[in-house]
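In the UniProt record's numbering, the protein residues as written are 1 to 193.
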């Protein structure tokens, strides 16, 4: 393969991932959220939460962040299927979708992405456990924010997300999210003299 062909294959994946900036997380419509976050917005904060959780849990923050960034990239092709819909649909594994997505990427790029998605999907490494917790914790945090914005039908997202958490640090962060105020950071503590 030529370098130009490799670049074109990698750019194809990058362009495809850009669709996630425009694709809504559809489950929030059931809660009455008219303009829910995009999949990319969810993935961005999931990666930040993953980095924080990794530091708290002694996992590799860079690896966790990469798993988080890639965990929903398949939704460019299968969309964000609400939890209730998954009861009625049969989908191919995310690893198979990823394999198709990176088929024209340079082998080194395809290998990194497919290995990360496989690790996340297997859920066996500490980094995968932390990344999965970050995904659930981000959903809980988003539900708390939507509740503060007036959406009153988000408790099921809070409950199911919290029940799925595995790490002690994720439970502590969930407790902090549930007892905190999303905009408290706007009023910083007074300067110490």
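Idealized CB from N, CA, C, for every residue including glycine. This structure is a prediction, so every number in the text was calculated from the model and none was measured.
- For residue 80, there is no enclosing alpha helix (DSSP H), as DSSP gives it neither H nor E.
- In this structure residue 146 is not in contact with residue 131, their Cβ atoms being roughly 23 angstroms apart against a cut-off of 8 angstroms.
- Residue 152: not part of any alpha helix (DSSP H); DSSP gives it neither H nor E.
- Taking C-beta separations shorter than 6 angstroms and ignoring five residues to either side along the sequence, the partners of residue 45 in its chain run 138, following chain order.
- Taking the C-beta atoms as reference points, residue 102 is found nearer than 7 angstroms to residue 110.
- Taking residue 30 as the centre and dropping the five residues before and after it, the same chain places the C-beta of 82, 84 and 153 closer than 8 angstroms to its C-beta, in chain order.
- DSSP places residue 55 in the helix class (H, G or I) of the three-state scheme.
- Put simply, of 169, 115 and 39 the residue whose alpha carbon is nearest the alpha carbon of residue 96 is 115.
- Closest option to residue 26, judged by alpha-carbon separation, among 39, 19 and 14: 39.
- Distance between residue 88 and residue 78, taken at the CA atoms: about 14 angstroms.
- Residues of the same chain with a CB within less than 7 angstroms of the CB of residue 165, apart from the 5 flanking positions on each side, are 133, 136, 137, 171 and 174 in chain order.
- Here residue 38 is bridged, per DSSP, to 24.
- Under the criterion of beta carbons closer than 8 angstroms, residue 182 and residue 148 qualify as touching, at roughly 5 angstroms.
- Under the three-state reduction of DSSP output, residue 18 falls in the helix class.
- For residue 162, same chain residues with a beta-carbon under 7 angstroms away, outside a window of 5 residues either side, are 140 and 174 in chain order.
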